[in-house]
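*Asks:*
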Amino acid sequence: MDELDRRILDTLRRDARTPYTEIANEVGTSEGTVRNRVERMMDEGVIERFTISTHTGNVKAMIEVSVAVDVDTKAVSERMAEWEEVDFVWMVSGEQDIVLVVDATDTRGVNDLITQARDQEEVVSTQTRLILDEQLG
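Here the sequence shown stands for residues 1 to 137, numbered as in the UniProt record's numbering.
If you want it as C-alpha cells, here you go:
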C-alpha cells in the first residue's frame, strides 16, 4: 500500500459514497486508477466493507467483555456480532478481550445488552463506557 492508496482510503473513510471521479480530483489521478486501486484493496482485504455512520439520537456505548482463558474468543465475538443493536465487535488486547460497540434506543437497551453479555457462560466480566460524542476523521 502506497501514499496514493492511503489518500484514497482517507477520502472513503470520511464518506464511503464519494464518487471515484471526485476522489480522483482530490488525490490528483484518474477515475480509472481510483477504481482499480479500490478493487485491488477490496480483493486484498484492505477494504473489508463499505458502511455508514449514523447519528440516530440513540445511546451509543462500548461494552468491554472479559472471557475465560480457555475460551475461543473468535467464536464468542462472532456470536455477539449477530446481536441486534451491535454495530461492531472488536477482539482486543489488554484486560478485556472483546469490545462491543452498540447503538441502543435508550439506556435500558444498553443494559439489556450488558445482561445478555453477562449471561454468556464464557464471559467473566464486563465494563461499559457510554460514548458521549464522536468525530469522524
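Just so it is clear, CB atoms sit at the ideal spot from N, CA and C, and this is done for glycine as well. Since the structure is predicted, the reported quantities are computational estimates derived from the model, not experimental observations.
1) What residues are listed by DSSP as bridge partners for Asp103?
2) Give the list of continuous beta strand (DSSP E) stretches no shorter than 3 residues that lie fully inside the stretch 89–133.
3) Tell me the rounded alpha-carbon separation between Val89 and Ala81.
4) Could you please give the first and the last residue of the uninterrupted alpha helix (DSSP H) stretch that includes Ala75?
5) Where does Val67 sit, in a helix, a strand or coil, going by DSSP?
6) Would you call the stretch 21–31 in contact with the stretch 94–113, where contact means no fewer than 3 C-beta pairs closer than 8 Å?
7) Taking the alpha-carbon of Thr107 as reference, which of Glu122, Val92, Glu85 and Val123 has the nearest alpha-carbon?
8) For the alpha helix (DSSP H) that Ile8 lies in, which residues bound it at each end?
9) Would DSSP call Val46 helix, strand or coil?
*Replies:* Considering the structure as presented:
1) Lys60
2) 98–104 and 123–131
3) 6 Å
4) Thr73 to Ala81
5) strand
6) no
7) Glu85
8) Glu3 to Arg14
9) coil
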